[in-house]
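The next block holds one structure in the form of structure tokens; read it before the comments.
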Amino acid sequence: MDPKPIYDGHIHIFPGYWQQRIYAWFKRAGWSVRNPDRMEEEIWQDAKTSGVSAASILIYAHRPNIARELNRWLYEWSQGRPELHLYGTVHPDDPDLESIAREALDRFQFAGFKIHCNVQKVRPDDPRLDPLYRLVQERKRSLVVHVGTEPHQNSFVGVDFFRRLMEKYPELRVQVAHLGAAEIDDFVALLPRYPHLYLDTAAIPGTRLWVPQEKLEDIIACHPDRIIYGSDLPIVEEALEVHRARVMSACKTEAVVAQVFHQNVMRLWQGD
Ligand SMILES: [Zn+2]
Numbered sequence: 000m001d002p003k004p005i006y007d008g009h010i011h012i013f014p015g016y017w018q019q020r021i022y023a024w025f026k027r028a029g030w031s032v033r034n035p036d037r038m039e040e041e042i043w044q045d046a047k048t049s050g051v052s053a054a055s056i057l058i059y060a061h062r063p064n065i066a067r068e069l070n071r072w073l074y075e076w077s078q079g080r081p082e083l084h085l086y087g088t089v090h091p092d093d094p095d096l097e098s099i100a101r102e103a104l105d106r107f108q109f110a111g112f113k114i115h116c117n118v119q120k121v122r123p124d125d126p127r128l129d130p131l132y133r134l135v136q137e138r139k140r141s142l143v144v145h146v147g148t149e150p151h152q153n154s155f156v157g158v159d160f161f162r163r164l165m166e167k168y169p170e171l172r173v174q175v176a177h178l179g180a181a182e183i184d185d186f187v188a189l190l191p192r193y194p195h196l197y198l199d200t201a202a203i204p205g206t207r208l209w210v211p212q213e214k215l216e217d218i219i220a221c222h223p224d225r226i227i228y229g230s231d232l233p234i235v236e237e238a239l240e241v242h243r244a245r246v247m248s249a250c251k252t253e254a255v256v257a258q259v260f261h262q263n264v265m266r267l268w269q270g271d
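Start counting the sequence shown at 0; every next residue gets the next number (numbering that gives the first Met the number 0).
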């Protein structure tokens, strides 16, 4: 099946200093990241070499008072690359959260924001994020949210908190990372209720986040318009092509390949 073009809905790019710290964190946690030396240019180059021609680029602030700087860095780095759709960051403790969000959306024209509930220690329904959600919903931009209990369960992640977010903002455009693992069934069950809710395949099924191939096939067959291919580059333990082939083989027709590998993520980018 020719899936062209291939868009990757989940790539992380950080400035070099932070990227090195992230690699060191995963190494300490026992991950064998495949190429733990790649910096921003090389990461995007690796994706392109593998056949990706457009992508969502995600960044997140693990502490307050760095989000504005990270967003500006990402904006600068992406200049001249219209194929990159940027998801910036705010930290819930940023005193100027709303102004950071406005700068990212209105001045930098970011596609939206990444919220990493696990790393940022914030529940998705935390009222401190309300100004962000209102702006994103108004402007028909989107969020990529890591709210699943894998790979670390804590008191910030889980489908229960996520349900409360969607009840409050039912029109919000949201891409849940890693199919919402480990509560995949519960996240899938929300799809029919919310027209702009998507799940991505970042690193799944993979070495850390395994789901049986038949289950992935079922999910895609039932919701072909809501699943977005993503790699999780550069935090990958397998070759990109190996993971991608697994996702692709779970798509049973060429039309579904096109949905999962570019059409669905394009709807988010276009605010459709
Ligand atoms: Zn990720």
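We treat Cβ as the ideally placed atom computed from N, Cα and C, and that holds for glycine.
One thing to note: I58 has its Cβ within 8 angstroms of the Cβ of F13. The C-alpha of T200 is placed about 13 angstroms away from the C-alpha of P223.
In the three-state reduction of the DSSP assignment, H195 falls in the coil class, being assigned neither a helical nor a strand state. Ligand 1 never approaches A28 closely enough for any of its heavy atoms to be under 7 angstroms from the residue's Cβ. Between Y86 and V146, the C-beta spacing is not below 8 angstroms. The C-beta distance from W30 to E236 rounds to 6 angstroms, short enough to meet the 8 angstroms contact threshold. Where I56 is concerned, the enclosing beta strand (DSSP E) starts and stops at 51 to 57. Taking a cut-off of 8 angstroms on C-beta distances, the segment 205 to 216 touches the segment 166 to 182, as three or more cross pairs fall below it. A distance below 7 angstroms between beta-carbons, with the five flanking residues on each side excluded, links Y193 to the following residues of its chain, in chain order: M165, P169.
R101 sits in a helix when the DSSP states are folded into three classes. With respect to the C-alpha of P91, the residue from I234, L196, P130, I218 having the closest C-alpha is P130. Residues D93 of the same chain have their beta carbon placed closer than 7 angstroms to that of N64, with the five preceding and five following residues left out of the count. Bounds of any beta strand (DSSP E) do not take in G15; it lies within the alpha helix (DSSP H) bounded by 15 to 27. Using a Cβ distance threshold of 8 angstroms, N70 and E40 do not count as a contacting pair. With contact defined as three or more Cβ pairs closer than 8 angstroms, the segment 214 to 221 and the segment 239 to 258 are in contact. Boundaries of the alpha helix (DSSP H) harbouring R245: 239 to 248, taken from the DSSP string.
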